[in-house]
Every structure is written in structure tokens, then in C-alpha cells.
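Peer 1: Sharing a structure here in C-alpha cells format.
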Amino acid sequence: MGAVFSSKRISTETEESEKKAWCELPLPPLEKIYSYLSHADQVNMSVVCHNWSKGYGSPSLWKNFRFELCELQLSMDTCPLTKFVTKYGSMFRHVEILYRHARNNYAWCRHLIAFLQQMSNNSQLTSVKFRGFMWCFPHIDASFRGDFLGSQDHLKTIQFTYCFCNYGECLELLKELNVNSRNSIEHLRLQVLRWLHTQRIFIARNISRAAVPTEAH
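In short: position in the sequence shown from 1, add 38, done, that's the numbering used here.
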């Protein structure tokens, strides 16, 4: 019996030692683990212990942020990602806004507007990437895009990739970028996809920084 109890005690001590080792992970591996998780899983991980909670607030963890919503989040009254901007937005440097096909485009655009408004007040980005916009421009007033661009003093890179918009919307967007964005812009990419019903193919057009219209003086 003594040997059994001794074995159990050793096993318990080993488990406690392993738990302590996990809780005492240094910041670099913690940040690496966090980088592979969704926002929801990051929150769950942050409440495991005090050290992991501290790692959750690391600036390097929030340097890159992705705006992406599932169908359940679209049904919410308020954008669930704005809370991250409020608390950690000052650490954001590179933001990717990813659109996936949604049943309710209006709700997605409404949440995006709220997100951009929060970033206008809390963030100073060096790059922003809009990916996969499909027929969203009619739902997003130009003033919201302009206010966001005008608030980013250090923005160097803007990318619109795999975006569906017509010729008029492209010109409007380019004009907004020219009027509202700062002189800090070094790289602009506008990749426009057009659907040709007769040929059933996509055409991609890439517009570089040199194509941005300039104001006449």
C-alpha cells in the first residue's frame, strides 16, 4: 500500500510540476502560441493563469490584427471586434479586413463601419489590407472611408485585393485615397475583379500607386 501511495504522490507532484512549467512559459513562446489562435481562443487562453494573461497584452501580439466575422457574429447588435480596438487598438500596426460571403451584406458593412470608426480614434496603422470585398461599396458611405484614411498619419501601405467594384466605384475610391490619405503612402495596390457573364471568367486589374489621380493646381 505504501508503494501505491508513493507512486500516486510522485504522479501528482509531476503533474503539478508540469502545470507550473506551462504557467511559467517565457513571453516569446507564449506569443507564438497566441498567434495561431482565433480571437475567442486567445481570450480563453488568457484566463488560464496570471502569466498567460500578461502575455495576452503584449504589443507584439496585437501588432497584426484581422477583421473577420462569422454568420453568428453578424447577427449581433454591435460589432464584437470593436472591444479589441478599444483596449488594444493603439498597438495595431497592420490590419487585414477580410470579407467572406455573407448572407447579410448590410450587417457586415454596418459592423465594418463601427470597426473603422473605432480605429480612427484608437489606432495608427502602417498598413491596411482590404481583401475580398464583394458588392459592399453601396453600403459604405464614402465619408466613413475618408475619415478613417484621414486619421492614419503613418499609413504607408494600402491594399484592396480581390475586390468586386465597377469602374465608377474604382475612380471614387482612388479619389478618396488621394484626397484623404496622408503623404506617407508609399505603396497602393488596387486589384479589381470583374465578372464577364458571356465568358464566365474573372478579370483582375492591378492599379499601382502611379495611377492615383492627382488634384490640379
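Built from N, CA and C at the ideal position, the CB exists for glycine as well.
Using CA coordinates, which residue listed in 106, 118, 75 and 217 is at the minimum distance from residue 94?
Peer 2: Considering only alpha carbons, the answer is 75.
Peer 1: Using a Cβ-Cβ cut-off of 7 Å (strictly less than) and excluding sequence neighbours within five positions of residue 186, which residues of its own chain qualify?
Peer 2: 154, 157 and 158.
Peer 1: What is the DSSP secondary structure of residue 132, reduced to helix, strand or coil?
Peer 2: Note: residue 132 maps to strand in three-state DSSP.
Peer 1: For a quick check, are the C-beta atoms of residue 136 and residue 106 less than 7 Å apart?
Peer 2: Contact: yes.
Peer 1: I'd like the span of the beta strand (DSSP E) that includes residue 166, first residue to last.
Peer 2: 165-169 is the extent of the beta strand (DSSP E) around residue 166.
Peer 1: Return the chain-ordered ranges of every alpha helix (DSSP H) run that is complete within the region 49-130 and spans a minimum of 4 residues.
Peer 2: Listed in chain order, the complete alpha helix (DSSP H) runs (minimum 4 residues) inside the region 49-130 are 65-73, 77-84, 88-94, 109-112 and 120-126.
Peer 1: Have a look at residue 199 and residue 91 and give me their C-alpha separation to the nearest angstrom.
Peer 2: Near 35 Å, if we compare the C-alpha coordinates of residue 91 and residue 199.
Peer 1: Looking at the structure shown, is residue 258 part of a helix, part of a strand, or coil, going by DSSP?
Peer 2: Since the first residue of the chain shown is 39 and the last is 255, residue 258 is not available in this structure.
Peer 1: Quick one: residues in its chain with C-beta nearer than 6 Å to the C-beta of residue 98, no 5 flanking neighbours on either side, listed in chain order?
Peer 2: So the qualifying residues of the chain are 69.
Peer 1: Under 7 Å between the Cβ atoms of residue 190 and residue 212?
Peer 2: No.
Peer 1: Relative to the alpha-carbon of residue 14, which residue among 193, 208, 207 and 77 has its alpha-carbon at the smallest distance?
Peer 2: Shown here, the chain extends from 39 to 255; a query on residue 14 therefore has no answer.
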